[in-house]
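K.L.:
Protein chains in written order, with UniProt numbering: chain A, 1 to 305; chain B, 1 to 281; chain C, 1 to 264. Using N, Cα and C, we set each Cβ at its ideal position, and we do this for glycine too. Note that the structure is a prediction, hence the values are computed from the model and not measured.
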Amino acid sequence: MKQVLAVLAVVAAIVAIWYAACIPMNIKGVLTEVERAGAEVVPAGAKERRDMNEFALAARNSFAIPATWAQDRPRLPAPHQVVAELWETTVKKKITSKRSLVYHGWVTLSATILGFAIGTGLGILLAVGIVHSRVMDMSVMPWAIVSQTIPIIALAPMIIVVLYSVGVQGIIPKAVISAYLSFFPVVVGMVKGLRSPDMMQLDLLRTYNATNAQRFWKLRLPASMPYLFASLKIGIAASLVGAIVGELPTGAVAGLGARLLAGSYYGQTVQIWSALFAAAILAACLVGLLGLIERVVLKRMGMAQ
Amino acid sequence: MIMVGLAILLWIFGWWLNTRLAEGPYAGTRAVQLAVPLIFGLTVIGVWELLVRGLEVPLVILPAPSAIAVRFSESIPILWADFVQTILKGALSGYVIGCSAAFLMAIAVDRWDFLRMGLLPVGNFVAALPIVGTAPILVMWFGFDWQSKAAVVVVMVFFPMLVNTVAGLREATAMQRDLMETYAASYWQSFFKLRLPAAMPFIFNGLKISTTLALIGAIVAEFFGSPTVGMGFRISTSVGQLSLDMVWAEIVVAALAGTAFYGLVAMIEKAVTFWHPSQRG
Amino acid sequence: MNTESNTQPVIEARQLDLVFQTNDGPVQALRDVNLTVNKGDFVSFIGPSGCGKTTFLRCVAALETPTGGSLSVNGMTPDEARRNRAYGYVFQAAGLYPWRTIAKNIKLPLEIMGYSRDEQEERVRKVLELVDLKGFGEKFPWQLSGGMQQRASIARALAFDADILLMDEPFGALDEIVRDHLNEQLLALWARTEKTIGFVTHSIPEAVYLSTKIVVMSPRPGRITDVIDSPLPKERPLDIRDTPEFIEVAHRVREGLRAGHLDD
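#1: Output the residue ranges of the alpha helix (DSSP H) runs that lie fully inside the stretch 127–165 of chain A and measure 4 residues or longer, sorted by chain position.
#2: Taking 8 angstroms as the threshold (beta carbon to beta carbon), is B/W80 in contact with chain C?
#3: Use the C-beta contact count for A/G22: other C-beta atoms within 10 angstroms, 16 or more gives buried, fewer gives exposed.
#4: From what residue to what residue does the alpha helix (DSSP H) around B/T211 run?
#5: Can you have a look at A/V140 and say buried or exposed, based on whether 16 or more other CB atoms are within 10 angstroms of its CB?
#6: Note down the Cα distance separating A/L125 from A/L221, rounded to an integer number of angstroms.
#7: Looking only at its chain, what residues have a beta carbon closer than 7 angstroms to the beta carbon of B/V229, apart from the 5 residues adjacent to it on each side?
#8: Going along chain B in order, which residues have a C-beta closer than 9 angstroms to the C-beta of C/G75?
#9: Between B/R234 and chain C, is any beta-carbon pair separated by less than 8 angstroms?
#10: What does the Cβ neighbour count give for A/I234, buried or exposed, with the cut at 16 atoms within 10 Å?
#11: If you measure between the beta carbons of C/V249 and C/V216, is that distance less than 8 angstroms?
#12: Would you please state the rounded distance, in angstroms, between the beta carbons of C/Q149 and C/L187? I believe it to be under 8 angstroms.
#13: Taking 8 angstroms as the CB-CB cut-off, is B/R280 touching chain C?
#14: Using a Cβ-Cβ cutoff of 8 angstroms, what residues of the stretch 123–137 of chain A are near chain D? List them in chain order.
#15: Taking only beta-carbon positions, decide if A/A258 is within less than 8 angstroms of chain B.
#16: Which residues, taken in chain order from the stretch 193–212 of chain A, show a beta carbon closer than 7 angstroms to some beta carbon of chain B?
#17: Using DSSP with H/G/I as helix, E/B as strand and the rest coil, what is C/A29?
#18: How about B/R116 and B/V163: are their beta carbons less than 8 angstroms apart?
#19: Is any beta-carbon of chain B found at less than 8 angstroms from that of C/P109?
#20: Is it buried or exposed, B/R280, if we count other Cβ atoms within 10 angstroms and call 16 or more buried?
#21: Assign A/R300 to buried or exposed, taking buried as 16 or more other Cβ atoms, counted over all protein chains shown, within 10 Å of its Cβ.
#22: On the DSSP bridge assignment, give the partners of C/M217 in chain order.
#23: In chain order, what residues of the same chain have a beta carbon less than 8 angstroms from the beta carbon of residue 268 of chain C, not counting five sequence neighbours either side?
#24: Give me the DSSP bridge partner(s) of C/S70.
#25: Could you tell me which residues DSSP puts in a beta bridge with C/Y87?
#26: Kindly indicate which three-state DSSP category A/L76 falls into: helix, strand or coil?
#27: Apart from the five residues just before and just after B/A35, which ones in its own chain have a Cβ nearer than 7 angstroms to its Cβ?
#28: By the criterion of Cβ-Cβ separation under 7 angstroms, what are the contact partners of A/Q3 in chain B?
#29: Give me the DSSP bridge partner(s) of B/A156.
#30: Give every residue of the same chain whose Cβ lies closer than 8 angstroms to the Cβ of C/E119, excluding the five residues on either side of it in the sequence, and list them in chain order.
#31: For chain B, find out if any of its Cβ atoms is closer than 8 angstroms to the Cβ of A/V30; answer yes or no.
#32: Give me the subset of the stretch 57–77 of chain A whose CB atoms are less than 7 angstroms from a CB atom of chain B, sorted by chain position.
#33: If the cut-off is 7 angstroms on Cβ atoms, which residues from the stretch 55–86 of chain C count as contacting chain B, listed in chain order?
#34: Please list the terminal residues of the continuous alpha helix (DSSP H) segment that includes A/S239.
#35: With DSSP as the reference, please indicate the residues paired to C/Q21 in a beta bridge.
#36: May I ask you to verify whether the stretch 254–270 of chain B touches the stretch 173–180 of chain B, counting CB pairs closer than 8 angstroms and requiring at least 3?
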């Protein structure tokens, strides 16, 4: 209970800081606008104000402060503007509309999920191979670990263009990026998990004269589950980032990444922020869903309370 | 066709060699453990080269490793300028600012229980979000040059670092805290002598995660606007011009920078947390 | 002068009560505990788990706060005594910091209490000799055996010359052979330093072998059922454990423990 209260307090503080930050961020633009509309501003003239301190400006023109939360294209939109835009573009627009965030979100989400499924599947397979084959372990594992330290996302633009030039478009290129971004964390996590049973547990199965397959299904796989879920959560977040970044270089017309890019071209800050929040909500839902599945699975297996 | 045949042969030979090494009597030695992945890597590069030549894959789809190497050596001044712009100016300055800010914040959070209880779930939540998405906003605020890239990096590394440091500062056991209590140690005495050293493995975990995030942030932010220099800029324009050998050269730089950066932090970690079981073994 | 300090008890508990509030309701950890410990005593606290022996020691160390009664340490409240660094505390596990060498671990309290650098060196040298760890100062804790680690933690508690030593099952995790050896050394150390020692254990032979006074406790609620003043001489070789006097005392302790259980 106290925890919930603390979280709410922190969130409230963040929102308050956000509102406060809108004032110095937007005051100059607002003053220019109201001056053009005929209001009295001290000092007059945008040029005069150019190098002035934002806080001093806000203090001397306090009448303009409410306007900093209601600008059309603010440098920093106020929270309620973002929420309104989110509401506008999700609930009020038809899902098929090009302006609907649900539509754009779905474009990104479908690529994310397809890529995540492929990447996770291949990752688990490779992990099983690594645990059972010394050659694979020694050859591949070091590279899988090194790959974690490299910004492999830099490959994304090239993959889009190369696949485009051989005639593959749409969801597949983005899914490929999502797949390889989730692939490596899953490999590393799953190998760790499959290796987590200790010597005593392995020796016990040896005393039963268990086969390799039995050892895998009865011990290694169940023991790996907590590790698998931990890396799945990292993997899905990486997949989503991959799908979003995959929408940037070709100037894609649909998807959350496309909304970000279009917003930054046309200075539509509210659109950028709402796309960003949509991506954040999507990520939170995906990670939360995996967390839920994790809870249910681990509970069934008796590994969690 | 000969090239393709050679590629298949090379693959079989490399795999055979590694099998011999990995299952041979010297598999446990350091030399073999280093040699096997190296042989694997070289085999992959060799097969790649042979396949690209044998199948006459056009440059715009996949350049041969030799072509990438040539382009790399010809473009060293450009690559160096990009490296300085993106890694040294953008990523590194953002990394230092972001990690120090998170560290100071963690100390404050740790001191006030209420703050910790509230901020930790929020921090964990934010750490899982696609923060690279803030890049267009920050580019708009801080301009096209490296300052906006550094800002993206600050935002990206802040929360993972914060969460790890806060977790680390709570790592000291109840018994170790009681011991400090029996000495009537002050808050800062117990902080510097007990909790900070005990937190080091966690802090370094955060620092290591952040190295990769810093590079990702700095490169991706350049996709949203940059001056005419920088790794992200070079990648996106070279992709547009279909000069994929240049893209690959930049990726090689990114890979080298990433491993070097991570390796450096890991080396410092080894020196600082030599006492931790994970480092002793 | 000596007689005067003997009349002032080092630890004095009067009708001490401690109730923990837990999720399952209040738990009476200590009830009506009365005890006087004089200077130079070696007092053992023995009883089954949950009898409050460790809790009592933690109260003396001001790591817990009693909910009733009075407790004085060196004539002060336990918290004042803690602030005056009146005691050294040895925990169940050695609890040495893995990032400090043995010598630097022993310096830890000295740094906190602001001793000069020379003084620190001098004291480390002295206590390392006292616990027979000369030459191990530059080793890290994890390079030493469990028994040596526990000796180092005793050295750490001795380093700042508090005249009370509180030990909470310090040898509980060690094997019998090491434990015998450390018991012998502890007695020698006590004879040399004339400290007052409070010692929690659940081994009857250990309690009888070491103590001048044995406090038998029993659980639910934690209380004292018997206080036995040992008739054994101060000089105690290991084979004293085979003498009739020793067996007699051990028998009485066992009776006390059993009596505590019959109340249940």
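P.N.:
Considering the structure as presented:
#1: Here the runs fully enclosed are 134–147 and 156–165.
#2: no
#3: Looking at the sequence provided, one finds Cys at residue 22 of chain A rather than Gly. The residue in question, A/C22, is buried, as its Cβ has 16 or more Cβ neighbours within 10 Å.
#4: For B/T211, the uninterrupted alpha helix (DSSP H) run begins and ends at L196 to E222, by DSSP.
#5: buried
#6: 12 angstroms
#7: A81, D82 and Q85
#8: Correct list: empty, because the minimum Cβ distance to chain B is about 18 angstroms.
#9: no
#10: A/I234 is buried by the Cβ-count criterion.
#11: For C/V249 and C/V216, no; Cβs fall outside 8 angstroms.
#12: Actually they are not in contact, since the Cβ atoms of C/Q149 and C/L187 sit about 20 angstroms apart, beyond 8 angstroms.
#13: yes
#14: Here chain D cannot be found, since the structure's protein chains are A, B and C.
#15: no
#16: none
#17: strand
#18: no
#19: yes
#20: exposed
#21: exposed
#22: C/I224
#23: Since the first residue shown for chain C is 1 and the last is 264, residue 268 of chain C is missing from the structure and cannot be characterised.
#24: C/R14
#25: C/I164
#26: coil
#27: L21
#28: M117
#29: Before going further, note that residue 156 of chain B is Met rather than Ala in the sequence given. BP columns for B/M156 are empty, so no partner.
#30: L110
#31: no
#32: R75
#33: A61, L63, R82, R83 and R85
#34: L221 to G246
#35: C/P26
#36: no
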